[in-house]
Amino acid sequence: MDSRQSEIKALQQYMQKSKEELQRLEQQLKEQKILNERAAKELEQFQMRNSKLQQENEQHSLTCEQLSQENQQKALELKAKEEEIHQMRIDIGKLNKIREQIHKKLHMIEDQKAEVEQNKETLKNQILGLEREVESSKKQAELDKKAMDELLRERDILNKNMLKAVSATQKQVDLVKLHEQAKRNLEEEIQNYKAEAQKQRKIIFQLEKERDRYINEASDLTQKVLANMEDIKVREIQIFDYRKKIAESETKLKQQQNLYEAVRSDRNLYSKNLVEAQDEITEMKRKLKIMTHQVDQLKEEISAKESALVKLHLEQQRIEKEKETLKAELQKLRQQALETKHFIEKQEVEERKLLRIIAEADGERVRQKKELDQVISERDILGSQLVRRNDELALLYEKIKIQQSVLNKGETQYNQRVEDMRILKLEIRKLRREKGILARSVANVEELRQELFHMQREFLKERTRCRALEEELENPMNVHRWRKLEASDPSTYELIQKIHTLQKRLISKTEEVVEKELLLQPGFLLTEYPAEAWLPYVTVGYFKCGTPFDFDI
17 MDSRQSEIKA LQQYMQKSKE ELQRLEQQLK EQKILNERAA KELEQFQMRN SKLQQENEQH
77 SLTCEQLSQE NQQKALELKA KEEEIHQMRI DIGKLNKIRE QIHKKLHMIE DQKAEVEQNK
137 ETLKNQILGL EREVESSKKQ AELDKKAMDE LLRERDILNK NMLKAVSATQ KQVDLVKLHE
197 QAKRNLEEEI QNYKAEAQKQ RKIIFQLEKE RDRYINEASD LTQKVLANME DIKVREIQIF
257 DYRKKIAESE TKLKQQQNLY EAVRSDRNLY SKNLVEAQDE ITEMKRKLKI MTHQVDQLKE
317 EISAKESALV KLHLEQQRIE KEKETLKAEL QKLRQQALET KHFIEKQEVE ERKLLRIIAE
377 ADGERVRQKK ELDQVISERD ILGSQLVRRN DELALLYEKI KIQQSVLNKG ETQYNQRVED
437 MRILKLEIRK LRREKGILAR SVANVEELRQ ELFHMQREFL KERTRCRALE EELENPMNVH
497 RWRKLEASDP STYELIQKIH TLQKRLISKT EEVVEKELLL QPGFLLTEYP AEAWLPYVTV
557 GYFKCGTPFD FDI
């Protein structure tokens, strides 16, 4: 009995300990349930994060696809860029050939310019010679004008002398001598005028030939300059097209740079998201380790309790059921951990892919940057060549302007020489007309001599008559010479009538004098009246004055 009581006491103590142990286990189970609930909540959070990560993974996959498409598009654009660069190199080769052609043409233009300058110097020398000849012609014309003025003064003197011929006939003989001397002088001057006119004709013919030759040379030079201007315009259009292409390539390059900046910003964003996901994954791994450690501890405690709760079947079954549920939950947690591990592995694989894509993108960026630097260097070379070409074109334009100004000056001087030639031709025509008038007046010298002879004879008659009248006055023979003449003073009315008649005669005489003065003015007869109207006046003036009128025709 004592042994049984001791056993019962021992069993009671064991039962008491078992109850305490059960209470402690229940407390631990409650705590475990709380931990399980927390783990479930954390699992839900992990699942939500997992779904978020899956969504982000899908987004990453979409972005990877977009990046792959963009890479393909970039590859196509790079290929197009390479083709454009190849085409630009071909165009640069063509431009170099065109530049060589332009250099050759510039050398040709410079040679032509040197020839034109030589021709300009010769033209200047010829123009100076022509100016000297024109000056000499002007001096000769002034001398001729002075001679004509002297002849006009002599004509006026002769007119005055002819008006005084009634009172002084002896002076007519001297005037005839003067006329003969003037005739000889006029004949000599006419011969000189003929020789000078022949010289002027030769000079005018030579000047006309030189003018035609210079006109032809100037037209050829203007055609060449126009052709060169057309070539320059074509080159400018081509240069403008190349500039436009370069600007388009620069805009495309800027677009590619913008796209590259966008890709780089996306890459940075994705790398940031990846770093955050990696941090979350490490945190989940840490929590998973803690949970696995706790599960291991629980397993150890459950195995220890299983040996202690062999006899407690009901409690054991209940505990086993709870354990099964815990195992199921633990299996779920393991499965979830495994899935999380697989997801992490997938994320790591995806991360490696993204890193590889980023490395490829960096390599592509470096290659594009190298190509961009090469294109920029080529663009700078082309820009410097274009600037040099523009400077050469500006210099060529300046030379063309100088040539054009020289040609314009030559043209104005040539027009002045042509105007001087026209004036000389008019002077020659005037001298020819005067020569014709003088020739016609010289033809009437014989008639003038006959008229002088008749006038001398009439003068002798008048002088003998005057002597007879003087002798009759000295020796009067008429006895009735002292007879008284019957006369009376005129009345006032008769005097007024006589005054009126004298005034009318005075007015008519003044009108005749005005008409004669108009006839004596230079060029009046030729401009106002035809030749048949004023030729009789010339003849009458010739016979009245003893010398021909000198009309300035």
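Each number in the working numbering comes from the position in the sequence shown (counting from 1) with 16 added on.
Built from N, CA and C at the ideal position, the CB exists for glycine as well.
Notebook entry, point to check: Going along the chain, which residues of its own chain have a beta-carbon closer than 8 Å to the beta-carbon of residue 546, five neighbours each way excluded?
Noted result: Position 530 of the sequence shown, counted from the first residue, corresponds to residue 546. Summary for residue 546: the model assigns pLDDT 47, below 50, so the residue's position carries little reliability; its value from the coordinates is reported in the next sentence. Hits under 8 Å: none found.
Next item on the list: Assuming residue 255 and residue 402 form a contact by the criterion Cβ under 8 Å, report the distance between their Cβ atoms to the nearest whole angstrom.
Entry: Here residue 255 corresponds to residue number 239 of the sequence shown, with the count starting at 1. Here residue 402 corresponds to residue number 386 of the sequence shown, with the count starting at 1. About 6 Å separates the two Cβ atoms, so the contact holds.
Notebook entry, point to check: Leaving out five residues before and five after residue 22 in sequence, what residues of the same chain have Cβ atoms less than 6 Å from its Cβ?
Noted result: Taking the first residue of the sequence shown as 1, we reach residue 22 at position 6. Excluding sequence neighbours, residue 22 sits near nothing in its chain.
Checklist line | Option in 436, 378, 525 with minimal Cα separation from residue 277 | finding: Indexing the sequence shown from 1 puts residue 277 at position 261. Residue 378 is the option with its Cα nearest to residue 277.
Note to self: Suppose contacts are defined by Cβ-Cβ distances below 7 Å. Is residue 360 in contact with residue 306 by that definition?
What the structure shows: Position 344 of the sequence shown holds residue 360. Position 290 of the sequence shown holds residue 306. Cβ distance not < 7 Å, so residue 360 and residue 306 don't count as in contact.
Notebook entry, point to check: Just the Cα atoms here: how many angstroms apart are residue 362 and residue 355?
Noted result: Residue mapping note: residue 362 aligns to position 346 of the sequence shown, counting from 1. Residue mapping note: residue 355 aligns to position 339 of the sequence shown, counting from 1. Answer to the nearest angstrom: the Cα atoms are 10 Å apart.
Item checked: For residue 578, three-class secondary structure by DSSP -> Because the chain spans 17 through 569 in this model, residue 578 falls outside it and cannot be assessed.
Next item on the list: Kindly give me the distance between the Cβ atoms of residue 451 and residue 231, rounded to whole angstroms, as I take these residues to be in contact under 8 Å.
Entry: To locate residue 451, count along the sequence shown from 1; it is residue 435. To locate residue 231, count along the sequence shown from 1; it is residue 215. Wrong, their Cβ atoms sit about 33 Å apart, outside the cutoff.
Note to self: Quick check: residue 285 and residue 367, are their CB atoms within less than 7 Å of each other?
What the structure shows: The residue labelled residue 285 in the question sits at position 269 within the sequence shown. The residue labelled residue 367 in the question sits at position 351 within the sequence shown. Contact: no.
Item checked: CB contact flag (residue 216, residue 416, <7 Å) -> The residue you call residue 216 lines up with position 200 of the sequence shown. The residue you call residue 416 lines up with position 400 of the sequence shown. In this structure, residue 416 does not lie closer than 7 Å to residue 216 by Cβ.
Margin query: Rounding to the nearest angstrom, what Cα-Cα distance links residue 145 and residue 414 in this structure?
Written below: The residue you call residue 145 lines up with position 129 of the sequence shown. The residue you call residue 414 lines up with position 398 of the sequence shown. Distance between the alpha carbons of residue 145 and residue 414: 30 Å.
Check: In angstroms, rounded to a whole number, what distance separates the CA positions of residue 273 and residue 262?
Finding: As a first step, residue 273 must be located in the sequence shown, where it is residue number 257. As a first step, residue 262 must be located in the sequence shown, where it is residue number 246. Taking the straight line from one Cα to the other gives about 16 Å.
Note to self: Is it buried or exposed, residue 55, if we count other Cβ atoms within 10 angstroms and call 16 or more buried?
What the structure shows: As a working mapping, residue 55 is identified with position 39 in the sequence shown. Residue 55 should be labelled buried.
Notebook entry, point to check: Rounded to whole angstroms, how far is the Cβ of residue 388 from the Cβ of residue 269, which I believe are closer than 8 Å?
Noted result: The sequence position of residue 388 within the sequence shown is 372, counting from 1. The sequence position of residue 269 within the sequence shown is 253, counting from 1. Confirmed, about 6 Å.
Checklist line | CA nearest to the CA of residue 430, picked from 92, 28, 226 | finding: The residue given as residue 430 occupies position 414 in the sequence shown. Answer by Cα proximity: 226.
Margin query: What does the Cβ neighbour count give for residue 222, buried or exposed, with the cut at 16 atoms within 10 Å?
Written below: Along the sequence shown, one-based indexing puts residue 222 at 206. The residue in question, residue 222, is exposed, as its Cβ has fewer than 16 Cβ neighbours within 10 Å.
Notebook entry, point to check: Whose C-beta lies closer than 8 Å to the C-beta of residue 352 among residues of the same chain, with five residues either side of it excluded?
Noted result: Along the sequence shown, read from residue 1 onward, the residue named residue 352 stands at position 336. 59, 62, 63.
Checklist line | Nearest neighbour of residue 310, chosen from 33, 44, 36 [CA to CA] | finding: Looking up residue 310 in the sequence shown gives position 294. Minimum Cα distance to residue 310 is reached at 44.
Notebook entry, point to check: Expressed to the nearest angstrom, what Euclidean distance is found between the alpha-carbon atoms of residue 476 and residue 469?
Noted result: Within the sequence shown, the letter at position 460 stands for residue 476. Within the sequence shown, the letter at position 453 stands for residue 469. Distance between the alpha carbons of residue 476 and residue 469: 11 Å.
Notebook entry, point to check: Given a threshold of 16 other Cβ atoms within 10 Å of its Cβ, counted over all protein chains shown, does residue 279 qualify as buried or as exposed?
Noted result: What you label residue 279 is simply residue 263 of the sequence shown in a count that begins at 1. Counting Cβ neighbours within 10 Å, residue 279 comes out buried, since at least 16 surround it.
Check: Since residue 248 and residue 441 are thought to touch, with beta carbons under 8 Å apart, how far apart are those beta carbons, to the nearest angstrom?
Finding: Here residue 248 refers to the residue found at position 232 when the sequence shown is read from its first residue. Here residue 441 refers to the residue found at position 425 when the sequence shown is read from its first residue. About 43 Å separates the two Cβ atoms, so there is no contact after all.
Margin query: On the criterion of 16 or more Cβ atoms from any shown chain inside 10 Å, does residue 124 qualify as buried, or is it exposed?
Written below: Counting from one through the sequence shown, the residue named residue 124 turns up at place 108. Residue 124 should be labelled exposed.
Notebook entry, point to check: Roughly how many angstroms separate the alpha carbons of residue 138 and residue 159, rounded to a whole number?
Noted result: Residue mapping note: residue 138 aligns to position 122 of the sequence shown, counting from 1. Residue mapping note: residue 159 aligns to position 143 of the sequence shown, counting from 1. One C-alpha to the other measures close to 31 Å.
Checklist line | residue 465 versus residue 193: straight-line alpha-carbon distance, rounded | finding: Within the sequence shown, numbered from 1, the residue matching residue 465 stands at position 449. Within the sequence shown, numbered from 1, the residue matching residue 193 stands at position 177. C-alpha separation (whole angstroms): 11 Å.
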